[in-house]
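Remarks on the structure that follows.
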Amino acid sequence: MAETLDAEKVRKVAVLARLKLSEAEIGDYATKLGNILKYVDTLNEVNTEGVVPMVHAVELSNVFRADEVQPSLPRAAALQNAPKTDGTFFLVPQILEDK
Amino acid sequence: MDYTTIIGLEVHVQLQTNTKIFCGCSTKFNPDNPNVQTCPVCLGLPGSLPVMNRHAFDLAVKTATAINCQIARFTKWDRKQYYYPDLPKGYQISQYDLPFSHDGWLEIVINKETGEKKKIGIIRAHLEEDAGKNTHDETGRGHDSQVDLNRAGTPLLEIVSHPDLRSAQEAKEYLEELKLLLTYLEVSDCNMQEGSLRCDANVNVHIHRDGQKIATPLVEIKNLNSFRNVELAIEFEADRQYRQWQQDGMTFGAVLKETRGYDAVRNITVAQRTKENASDYRYFPDPDLVPVTIEEAYLQNVIDSMVEFPAARRTRFIQQYQLSNYDAAVIIDQGVVFANFVEHVAKICGDGKQACNWVTQDVLREMNDRKLTIEGFPIQPPVLGEILKRVNDKKITIKSGREIFLNLLNSEDLSTISVARIDQIIQEQGLSIVADSGQLEAVIVGVLAKNAKAVADFKGGKQSAVGSLIGQAMKEMKGADPATVRELLLKKLAE
Amino acid sequence: MSIIGATTGELLSRLERGELTSVELTTAYLDRIAQQDDRVSAFLTVNTAEALQQAADVDRRRQAKQPVGLLAGIPVAIKDVLCTKGLKTTCASRMLANFIPPYDAHVITQLRNADAVLIGKTNMDEFAMGSTTETSAFKITRNPWDLDRTPGGSSGGSAAAVAAGMSPLALGTDTGGSIRQPAGFCSVVGMKPTYGRVSRFGMVAYGSSLDQIGPFANDVNGAALLAQVIAGHDGRDSTSVNAPVPAYSQTVNQPLAGLRVGIAKEHFVEGLNPEVEQTLRTALQVYKSLGAEIKEVSLPHTSYGVAVYYLIAPSEASSNLARYDGVHYGHRAEQFSNMIDMYATSRGEGFGSEVKRRIMLGTYALSAGYYDAYYLKALKVRRLIRQDYDKAFEQIDVLASPASPNPPSKVGEYSANPLAMYLEDIYTIGANLAGLPGISVPAGFTEAGLPVGLQLLAAPFEEEKLLRAARMYELATKWQGQRAAL
Ligand SMILES: [Zn+2]
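Encoded structure:
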């Protein structure tokens, strides 16, 4: 599909990606990402009928671990890198509850 | 008002594993100690990787098999991407297009008296990870929300039903039967207060008007945290949709599915703000996890190790112990421990019907009065069975059995409750049924001698006079069987 | 005999013979860093105190004749994408500028068990996204052979550290060539093992199905030794392969008889620098002179590799980097209007433009309506690429190519044209898509004195063959002995 990217589309994707972009960045991405998308369209030349998608570089299956408790981190270590805590919880600005 | 309520349920069940689905942290319910059951994996720290808990997978397959699902021979894990503070990785590991199970059913009893049943279709059951827990500032002062990740990564089984349920009552029955099954299977404790069983309901109504069927727009009611609330929320919502339709005439498909929450205090459902672009979860296969292929031998092993399901047990109880649909349901619906209790008592005393009656009446009554659980009931089957055995063997009367039962239950020291203690009480209180008719005959002769008037009345045609004579004889011979006393007394009077 | 510039093997034997202590050796490297790194900017964190303590500990145990590990007392520089417990791990991003992991990556545990000295954390492209080490939020690493040029990337700091004699060994990561390309640009040895050979646990993810950790060294033997230490099964990585690890360092010096070296006709394309091409042709002559057979093979889907890579890697990255939201760790904006705005602002501020570009690309490729056309299509072509390699390796033992079509770029050369930079990955990307092991060894210099690397690829889990073939070449040429004059 020959996709072009306009500023509107870039804005939509930025919302999905949770990225606040400046107007300059939006314009820049529209051009540069547009070029990249045009380039990746070359894949349409390849006949992939019946080809199984390859998700993993080495295809393993059935990898499990035993249900055995391992030590957890102390709370202080769990919270040590958090931008804001009260020593017990991670703190975030009040969540606008979906109400 | 003529409409049918159409309901499909999405149930999330926490599986009873020791550890989380992708790491070795404990799954213990621990709300009082936030953020102590975490590690790099369930904190979603940079560089951490998930590894599937085998037991979680086994429990999930066991459950899906029990709800008659097809088990996929190939299944994989996908990332469902959305942002929320209780979701540390910014995505939930779940299953999208290839869930490990699909197309099953669960049979529910829609009439306890007649035992009438209905099959509720199951679209799919899949395995995923639970999120953490957010606590919001309720003061309205806009303080920060708190995030606890103890729960993040607990294995969750999501079971999605077809919209086959036709009333709030049926929805509740479905949930109760599902909960019963899950606890029988020991795959979940289904504790709704602790959130180990959670339910969302998809509801709309079909309005019957002039021979036509008009469907209202679909609504999803989120986070129903008790069976009672499920019932109330659906009842409210169905009525609300009908009234809404009367106002705006909006029908199914005219608007997107709406999400509403149930407000238990006001008993209403409230529209929730739809998440921005929430519909684009950008699912894709998780490259950090590998697929699972399921062999026939594995499935056979799951089937072979399966316990008897509640539905099958109900049917068996009805046949084996000659119970009514209702009585069988009462026992089975109390849960697997209760049903095992009944069967254990039955085995010792040798009379299933007797055991059922006794446990459903006396034991259940005392459990309720004394606020006891069956596990914590002081008289366990080995002792109760022996009481009933003595009744059954006509060593004591039913009445004496009840006396002994209460006597034991009221023991000051519960540890003294034992089979030996039963016999001690029988002895102390002379509760043995006197099989020696010579001794009984002597007592009766004595009673007749002392009550010449009553004897004369009887002989004069006053049948009721015999009652006081039996009563007096019983008083003197505590363990005597009333029927035997009556028989002997009548015989003597006839002489 | 100088410490700086010596090979790992030389250093180890001097340590074992007691001619040198690890403290002396570590001090020499720390001094070298202090003298040279303000020009090269290879390091983000120099782990001076802990390194000296580790060195002293190894010396004590060696003197007491206690058993010591394979890398006892040898400094190893660590790309700052690998988690080191208690030591800042930034991924060269403002987002993680203050992140201190509470745990060690599996490879770090392996290094500690081998008694290596962790000398410091090296610069890189932000979150390993880039081919020049210019996207680092903190500094631009310079190529020790020409300070106006980049060392390549994304593991440019590790490659430059070894090339500048600031560490005999280093760890890098390779998602699309991020070890092999900078190794070539800096005239050092760099190897990407087979996907699954080395545990990714504790490696901050970029493209999870492509990422692999590997060694840098100033000779093939050093790379073999470091590879041997870090390879092996780890139950904490579901994609880690449970297969025995050969003792690479024991066999690396054995030449391969009847070696079949392949070249792909699709590799000789427009855009291949003539000097680079000539270097490859010369290298093939070297192999021929060593008795190897040169065979031409075909990799028909080569030209699609870059497109496939720049869909798969950004798609995975857009998801892998979703966790940086300013809630549990990492940068949180100071100014925001609500929680959703806090996410977007924190991420907008915390990520650099190349990272944002790839997140945007990946988000787009996975979004509703585009998934099948982009991401899924790329996964299918990926399999065709893998099948090309499978067929080729039926006829050959190793596949030779340049590591990159051009010599190292000037700093700033690609800033206006990311696509041109992406196209430079053409020779390295295939190994990541197919999961193959690959190595880059020094193969000479252009007339302007810029390093050129020879890349060899092998079939999955054939690292031993790859290292032996590379060592044959290294011994037959003079490039290994050359050191950048700083
Ligand atoms: Zn954990």
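Protein chains in written order, with this note's numbering: chain V, 1 to 99; chain E, 100 to 594; chain B, 595 to 1080.
In this text, a Cβ means the ideal position worked out from N, Cα and C, and glycines have one as well.
Cβ-Cβ separation, residue j to residue i (assumed contact under 8 Å), whole Å
i	j	result
Ala553 (chain E)	Ser567 (chain E)	6 Å
Val52 (chain V)	Arg977 (chain B)	6 Å
Leu142 (chain E)	Pro184 (chain E)	Contact doesn't hold; Cβ gap of about 13 Å is too wide.
Ile95 (chain V)	His242 (chain E)	That belief does not hold up - the Cβ atoms of Ile95 (chain V) and His242 (chain E) are roughly 11 Å apart, past 8 Å.
Asp719 (chain B)	Ser748 (chain B)	4 Å
Val1035 (chain B)	Thr744 (chain B)	Contact flag wrong, Cβ pair sits at about 20 Å.
Leu668 (chain B)	Thr602 (chain B)	For the record, residue 668 (chain B) in the displayed sequence is Ile; it is not Leu. Yes, Ile668 (chain B) and Thr602 (chain B) are in contact; Cβ-Cβ is about 6 Å, under 8 Å.
Ile525 (chain E)	Ser517 (chain E)	No, Ile525 (chain E) and Ser517 (chain E) are not in contact; Cβ-Cβ is about 13 Å, not under 8 Å.
Pro999 (chain B)	Val870 (chain B)	6 Å
Gly123 (chain E)	Val69 (chain V)	6 Å
Val823 (chain B)	Ala708 (chain B)	5 Å
Thr873 (chain B)	Ala636 (chain B)	Actually they are not in contact, since the Cβ atoms of Thr873 (chain B) and Ala636 (chain B) sit about 25 Å apart, beyond 8 Å.
Lys889 (chain B)	Gln989 (chain B)	6 Å
Ile258 (chain E)	Ile221 (chain E)	6 Å
Val783 (chain B)	Ile1033 (chain B)	7 Å
Of the residues the options, the one placed nearest residue i, counting alpha carbons only
i	options	result
Thr845 (chain B)	B:Val870, B:Val900 and B:Gly816	B:Gly816
Pro480 (chain E)	E:Val444, E:Arg489, E:Cys448 and E:Leu508	E:Val444
Ile906 (chain B)	B:Leu804, B:Pro868, B:Leu884 and B:Ala938	B:Leu804
Asn1026 (chain B)	B:Ser635, B:Gly963, B:Tyr983 and B:Asp631	B:Tyr983
Met1110 (chain B)	B:Asn812, B:Met723, B:Leu638 and B:Val640	Because chain B here runs from 595 to 1080, residue 1110 (chain B) falls outside it and cannot be looked at.
Ala251 (chain E)	E:Asn491, E:Phe437, E:Asn233 and E:Glu395	E:Asn233
Leu355 (chain E)	E:Thr315, E:Gly475 and E:Phe383	E:Thr315
Glu293 (chain E)	E:Ile503, E:Ile569, E:Asp131 and E:Ser563	E:Asp131
His925 (chain B)	B:Phe945, B:Ser635, B:Leu1061 and B:Ser596	B:Phe945
Ala688 (chain B)	B:Asn641, B:Val949 and B:Gly963	Checking the sequence shown, residue 688 (chain B) turns out to be Arg, not Ala. Measuring from the Cα of Arg688 (chain B), the nearest candidate turns out to be B:Val949.
Ile1020 (chain B)	B:Pro849, B:Asp625 and B:Ile979	B:Ile979
Leu1048 (chain B)	B:Val814, B:Glu1041 and B:Ala962	B:Val814
Asp891 (chain B)	B:Phe862, B:Phe930 and B:Val640	A small correction: the amino acid at residue 891 (chain B) is Val; Asp does not occupy that position in the sequence shown. Of the candidates B:Phe862, B:Phe930 and B:Val640, the one whose C-alpha sits nearest the C-alpha of Val891 (chain B) is B:Phe862.
Asp362 (chain E)	E:Tyr341, E:Ile333, E:Pro409 and E:Ile105	E:Ile333
Trp344 (chain E)	E:Val304, E:Glu357 and E:Gly310	E:Val304
Tyr195 (chain E)	E:Asn509, E:Pro390, E:Val490 and E:Ile497	E:Pro390
Ser730 (chain B)	B:Pro696, B:Asn692, B:Thr684 and B:Ala841	B:Thr684
Ile207 (chain E)	E:Asp432, E:Asn328, E:Arg339 and E:Thr162	E:Asp432
Leu619 (chain B)	B:Arg633, B:Ala650 and B:Leu638	B:Ala650
Ala155 (chain E)	E:Pro254, E:Asp263, E:Ala454 and E:Asp247	E:Pro254
Glu1041 (chain B)	B:Ala600, B:Pro868, B:Leu1069 and B:Glu604	B:Pro868
Leu853 (chain B)	B:Val634, B:Ala994 and B:Glu928	B:Ala994
Task: Neighbourhood of ligand 1 [Cβ distance below 5 Å to any heavy atom], ordered by chain position - done: E:Cys122, E:Cys124, E:Cys138, E:Val140 and E:Cys141
- [ ] Would you check if there are 3 or more beta carbon pairs closer than 8 Å linking the region 766 to 777 of chain B to the region 789 to 809 of chain B?
- [x] yes
TODO: Take every Cβ of the region 671 to 688 of chain B, pair it with every Cβ of the region 707 to 716 of chain B, and state whether three or more of those distances are shorter than 8 Å.
DONE: yes
Open item on the list: Between the region 382 to 395 of chain E and the region 159 to 177 of chain E, can you find at least three pairs of beta-carbon atoms closer than 8 Å?
Closed with: yes
Task: Segment contact, 8 Å Cβ cut-off, at least three pairs: the region 781 to 801 of chain B with the region 1049 to 1063 of chain B - done: yes
Open item on the list: Measuring CB atoms only, is the region 306 to 315 of chain E touching the region 265 to 272 of chain E, in the sense that at least three cross pairs come out at less than 8 Å?
Closed with: no
Open item on the list: Using a Cβ distance threshold of 8 Å, determine whether the region 21 to 29 of chain V contacts the region 963 to 976 of chain B, with at least three qualifying pairs required.
Closed with: For the pair of segments examined, the region 21 to 29 of chain V was found not to touch the region 963 to 976 of chain B: the number of CB pairs separated by less than 8 Å stays below three.
Open item on the list: Check whether the region 203 to 223 of chain E and the region 415 to 426 of chain E are in contact - that is, three or more C-beta pairs closer than 8 Å.
Closed with: yes
- [ ] Assess, as a yes-or-no matter, whether the region 277 to 291 of chain E is touched by the region 74 to 89 of chain V under the definition of 3 or more beta carbon pairs within less than 8 Å.
- [x] no
Task: Three-pair Cβ contact test at 8 Å for the region 643 to 660 of chain B versus the region 688 to 702 of chain B - done: no
Task: Cβ contact check for the region 408 to 423 of chain E and the region 451 to 471 of chain E: 3 or more pairs under 8 Å - done: With a cut-off of 8 Å, the region 451 to 471 of chain E and the region 408 to 423 of chain E count as touching, because enough Cβ pairs lie within range.
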